[in-house]
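**Q**
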Amino acid sequence: MRNRLILLLLTLFLPLLVPAQKKKFRLPPDFVEVSGLQITAPDSIWWHNDGGDRPRLLLTDGRGRVRQRIALPGIQNRDWEDISTDPSGRLYIGDFGNNLNRRTDLRIYLYQPGTQRIDSILFAYPDQRSFAPPLAQWNFDVEGFFWFRDSLHLFTKNRLVAGNYYTKHYILPAKPGQYAAILRDSFLLPKRVVTAAAVRPDGKQIALLSYFYRMTFLGLLPKTRTSIWTFTDFPGTDFFKGTLTKTKVHKPPLIPTQYESLDYVSEQRVLIASERTIMFKPKAKQIKLKKVEKLKS
93 MRNRLILLLL TLFLPLLVPA QKKKFRLPPD FVEVSGLQIT APDSIWWHND GGDRPRLLLT
153 DGRGRVRQRI ALPGIQNRDW EDISTDPSGR LYIGDFGNNL NRRTDLRIYL YQPGTQRIDS
213 ILFAYPDQRS FAPPLAQWNF DVEGFFWFRD SLHLFTKNRL VAGNYYTKHY ILPAKPGQYA
273 AILRDSFLLP KRVVTAAAVR PDGKQIALLS YFYRMTFLGL LPKTRTSIWT FTDFPGTDFF
333 KGTLTKTKVH KPPLIPTQYE SLDYVSEQRV LIASERTIMF KPKAKQIKLK KVEKLKS
């Protein structure tokens, strides 16, 4: 009886002892061009910048305050685009940004925080024949991926101009080595390109962050739109065969914002972060996802 009472009290009061995640916060000066985030605990978020920053990870609390700056010696940040983790706590860092579709050194770094060991996965796309291919075939850039069921799942970013808006789903083994990625499927996201991906902790839903950008008013003002696409109740790892739901990310008008990272906070909420621009500092905010509409039997 006493043990049950202690367990009940811990269940009620332990959440109060953990600093809550803020629903919106500005990111510190370290975040020059934040491109990936991974939540590993309510008060622990891993981040990294895009290419151009030195190879390092940033660990913050749930309010974006930096707790650790971790240098990763011996590797490069050519174009880091996303970060994920597995149940063992190992981190996967995707150095696969490929805007010009001509890279032949695509890789994913495996980092174990406890031992600081770093390994690599080198890979190529089996359907890419030339480097770079014709513009109409520029669909070999990736900005979003995640670990799921002992594999890594990559989602390509198509071109905003002259692209066909398809994102392709590739699969890689989640262990060091050199591989040809397996093309599983593709999906059309009308007038959107994928900039980040995440899987819900229970494995029953995935989310793709996407945006659209164009110049309006005689080419003087930029216009951006951001959406989160979720796929639920999919068979196995055939994510695109799940139920599709779209959540719009609202922002003030005439303020161009490019969100490039996301992860799940809870079953119904995700955290997304934007890059720094000339006029605006980088920031992160929680988004409540649209509920999945289940068919009536």
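Residue 104 in this note's numbering sits at position 12 of the sequence shown, and the numbers go up by one each step.
Beta carbons are placed, not taken as given, at the ideal position from N, Cα and C, and that holds for glycine.
Please go through the stretch 148-188 and give each complete alpha helix (DSSP H) segment of 4 or more residues, from N-terminal end onward.
**A** If we require 4 residues or more, the stretch 148-188 turns out to have no alpha helix (DSSP H) run fully inside it.
**Q** Over the uninterrupted beta strand (DSSP E) stretch that includes Phe279, give me the two end residues.
**A** Counting along the chain, the beta strand (DSSP E) containing Phe279 begins and ends at 274-280.
**Q** Given that a residue counts as buried once 16 or more other Cβ atoms are within 10 Å of its Cβ, and exposed if not, what is Arg155?
**A** Exposed, by the Cβ-count rule.
**Q** Using 10 angstroms around the beta-carbon of Glu367, count the other beta-carbons present and answer buried if the total reaches 16, otherwise exposed.
**A** Per the 10 Å Cβ criterion, buried.
**Q** Grab me the residues of Gly334's own chain with a C-beta within less than 6 Å of its C-beta, minus the 5 sequence neighbours each way, in chain order.
**A** Answer for Gly334: Phe323, Thr324, Asp325, Phe326, listed in chain order.
**Q** Return the CA-CA distance between Gln168 and Thr207, expressed in angstroms with no decimal places.
**A** So the two alpha carbons sit approximately 19 Å from each other.
**Q** Entirely within the stretch 203-275 and at least 4 residues each: give me those alpha helix (DSSP H) ranges in chain order.
**A** Correct list: empty.
**Q** Can you tell me whether Phe326 is helix, strand or coil according to DSSP?
**A** Reduced to three states, the DSSP call for Phe326 is coil.
**Q** Buried or exposed: which applies to His342, given that a residue is buried once 16 or more other Cβ atoms fall within 10 Å of its Cβ?
**A** Exposed, because fewer than 16 other Cβ atoms sit within 10 Å of the Cβ of His342.
**Q** Apart from the five residues just before and just after Phe331, which ones in its own chain have a Cβ nearer than 7 Å to its Cβ?
**A** His261, Ile298, Phe323.
**Q** Name the one or two DSSP bridge partners that Leu354 has.
**A** Answer is Ile364.
**Q** Taking the beta strand (DSSP E) that Lys340 falls in, what are its first and last residues?
**A** Note, Lys340: beta strand (DSSP E), 335-341.
**Q** Determine the extent of the beta strand (DSSP E) in which Phe117 is found, giving its start and end residues.
**A** Run containing Phe117: 116-118, per the beta strand (DSSP E) assignment.
**Q** Below 8 Å CB to CB, which residues in the same chain sit around Leu381 once its five sequence neighbours on both sides are set aside?
**A** Excluding positions up to five away in sequence, the list reads Ala299, Ile320, Thr322, Thr337, Thr339, Gln360, Arg361, Val362.
**Q** Return yes when the Cβ of Val158 is within less than 8 Å of the Cβ of Asn141, no when it is not.
**A** Result no, Cβ atoms of Asn141 and Val158 do not sit closer than 8 Å.
**Q** Figure out for me which residue from Gly144, Leu119, Tyr271, Asp178 has the closest Cα to the Cα of Pro293.
**A** The shortest C-alpha separation from Pro293 is found at Asp178.
**Q** Let me know if Leu280 comes out buried or exposed under the rule of 16 or more other beta-carbons within 10 Å of its beta-carbon.
**A** Looking at its Cβ environment, which holds fewer than 16 other Cβ atoms inside 10 Å, Leu280 is exposed.
**Q** Which value, in whole angstroms, describes the spacing of the CA atoms of Thr329 and Leu119?
**A** About 34 Å.
**Q** Would you tell me roughly how many angstroms separate the C-alpha atoms of Ala290 and Pro165, rounded to the nearest one?
**A** Ala290 and Pro165: Cα-Cα distance of roughly 27 Å.
**Q** Can you check whether the CB of Asn193 is closer than 8 Å to the CB of Asp219?
**A** No, the Cβ-Cβ distance between Asp219 and Asn193 is not below 8 Å.
**Q** Quick check on Asp142 - is its C-beta less than 8 Å from some C-beta in chain B?
**A** The chain inventory of the structure shown lacks chain B, comprising one protein chain alone.
**Q** Where Pro205 and Leu149 are concerned, what is the direct C-alpha to C-alpha distance, given to the nearest angstrom?
**A** C-alpha separation (whole angstroms): 10 Å.
**Q** Return helix, strand or coil for Phe331, following the three-state DSSP convention.
**A** Note: Phe331 maps to helix in three-state DSSP.
**Q** Leu192 by DSSP, collapsed to three states: which one?
**A** Here Leu192 sits in coil by DSSP.
**Q** Given a cut-off of 8 Å on the beta-carbon distance, is the pair Tyr303 and Ser278 in contact?
**A** No, Cβ-Cβ distance for Tyr303 and Ser278 is not below 8 Å.
**Q** Start and end of the beta strand (DSSP E) containing Val286?
**A** It spans 285-291 - the beta strand (DSSP E) in which Val286 sits, taken as one unbroken run.
**Q** Starting from Leu129, follow the beta strand (DSSP E) in both directions and report where the run begins and ends.
**A** Where Leu129 is concerned, the enclosing beta strand (DSSP E) stretches over 126-133.
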